[in-house]
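*Asks:* Here the sequence shown is numbered in the numbering used here, starting from 465 and rising by one per residue.
We put the beta carbon where it would ideally sit given N, CA and C, even for glycine.
One structure, pasted below without further comment.
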Amino acid sequence: MGVMTGANTAGADLEYGTQTLNRQLQDKGFLLSSTENVINWARTGSLHWMTFGLACCAVEMIQTSMPRYDIERFGAAPRASPRQSDLMIVAGTLTNKMAPALRKVYDQMPEPRYVISMGSCANGGGYYHYSYSVVRGCDRIVPVDVYVPGCPPTAEALLYGVLQLQKKIRRTGTIAR
């Protein structure tokens with residue numbers, strides 16, 4: 465699979481950032497930072513994700529919430545409503561009839577909003593690429609921030625994609641996407 469290279473590489477950057485903050489607080493007793501950095505730090509640790517499971521990739525997406533992978537330890541909590549979530553995970557084959565519903569749900573999400581495209585079907589149509597009724601990638605309907613390849617991708621791959629999104633949020637900030 466080759467997504468993760470070691471046992472604890474998933475949370476290494478998160479732990480490094482937390483250790484740096486703890487060291488600064490212990491040495492000085494206070495922190496100096498810009499408001500934007502604090503907001504970005506809070507956003508990366510509190511991603512509320514909403515599922516848009518369309519096919520078999522949704523089973524692997526559900527696995528990330530189970531005790532073995534536990535995506536919530538990285539600050540990502542599931543939400544049932546698009547109005548309460550800032551991350552949408554699109555998993556599975558997107559058809560032409562389902563595309564307007566995807567866009568409608570995306571438009572209901574508050575800003576800043578992020579999208580992870582999970583699996584070959586969501587990324588580019590996958591096995592059904594040449595079918596008349598399949599959208600060849602959900603990026604034709606909504607802007608995608610992170611692509612997770614595979615058919616279906618493993619739960620580790622999705623977890624790695626969420627961590628990559630957190631890095632992207634820290635790097636780009638909330639104002640610029």
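Determine the extent of the alpha helix (DSSP H) in which VAL579 is found, giving its start and end residues.
*Replies:* Position 115 of the sequence shown, counted from the first residue, corresponds to residue 579. Here VAL579 belongs to no alpha helix (DSSP H); instead the beta strand (DSSP E) covers 578-582.
*Asks:* Report the three-state DSSP secondary structure of LEU511 (helix, strand or coil).
*Replies:* Residue 511 sits at position 47 when you count from the first residue of the sequence shown. DSSP places LEU511 in strand when its eight states are reduced to three.
*Asks:* Which of the three DSSP states, helix, strand or coil, is assigned to TYR624?
*Replies:* The sequence position of residue 624 within the sequence shown is 160, counting from 1. Helix.
*Asks:* Apply the 10 Å Cβ neighbour rule to PHE615 and answer buried if 16 or more other Cβ atoms are within range, or exposed otherwise.
*Replies:* Against the sequence shown, residue 615 aligns to sequence position 151. The residue you asked about is not Phe; residue 615 is Cys in the sequence shown. The residue is exposed, with fewer than 16 neighbouring Cβ atoms inside 10 Å.
*Asks:* So for MET552, helix, strand or coil by DSSP?
*Replies:* Here residue 552 refers to the residue found at position 88 when the sequence shown is read from its first residue. Note: MET552 maps to strand in three-state DSSP.
*Asks:* When DSSP labels each residue in this structure, what does ILE610 get in the three-state scheme?
*Replies:* Position 146 of the sequence shown, counted from the start, is the residue given in the question as residue 610. Residue identity differs from the one stated: residue 610 is Val in this sequence, not Ile. Strand at VAL610.
*Asks:* Are the Cβ atoms of GLN628 and THR508 separated by less than 7 Å?
*Replies:* Looking up residue 628 in the sequence shown gives position 164. Looking up residue 508 in the sequence shown gives position 44. Contact: no.
*Asks:* Of all the beta strand (DSSP E) runs that stay within the bounds of the stretch 517-543, which reach a length of 3 or more residues?
*Replies:* Entirely contained in the stretch 517-543, the beta strand (DSSP E) runs reaching 3 residues are, in chain order, 540-542.
*Asks:* With a cut-off of 8 Å on the beta carbons, I'd call VAL579 and VAL554 a contact; round off their distance for me.
*Replies:* By one-based count along the sequence shown, residue 579 stands at place 115. By one-based count along the sequence shown, residue 554 stands at place 90. Indeed they touch by this definition, with Cβ atoms about 6 Å apart.
*Asks:* With the cut-off set at 7 Å, would you say HIS512 and ASP550 are in Cβ contact?
*Replies:* Here residue 512 refers to the residue found at position 48 when the sequence shown is read from its first residue. Here residue 550 refers to the residue found at position 86 when the sequence shown is read from its first residue. Closer than 7 Å, so yes.
*Asks:* On a CA-only basis, which of LYS632, VAL610, ALA621, LEU518 is nearest ALA565? Give me that one, please.
*Replies:* Your numbering for residue 565 matches position 101 in the sequence shown. Checked all of LYS632, VAL610, ALA621, LEU518; the closest Cα to ALA565 is LEU518.
*Asks:* Pull the bridge partners of VAL598 from the DSSP assignment, please.
*Replies:* Position 134 of the sequence shown, counted from the start, is the residue given in the question as residue 598. For VAL598, which the question treats as bridged, DSSP gives the partners THR559.
*Asks:* Is CYS615 helix, strand or coil when you go by DSSP?
*Replies:* Within the sequence shown, the letter at position 151 stands for residue 615. It is coil, neither helix nor strand.
*Asks:* What is the DSSP secondary structure of ILE605, counted as helix, strand or coil?
*Replies:* For the purposes of this step, residue 605 is identified with residue 141 of the sequence shown, where counting begins at 1. The answer is coil: DSSP assigns ILE605 none of H, G, I, E or B.
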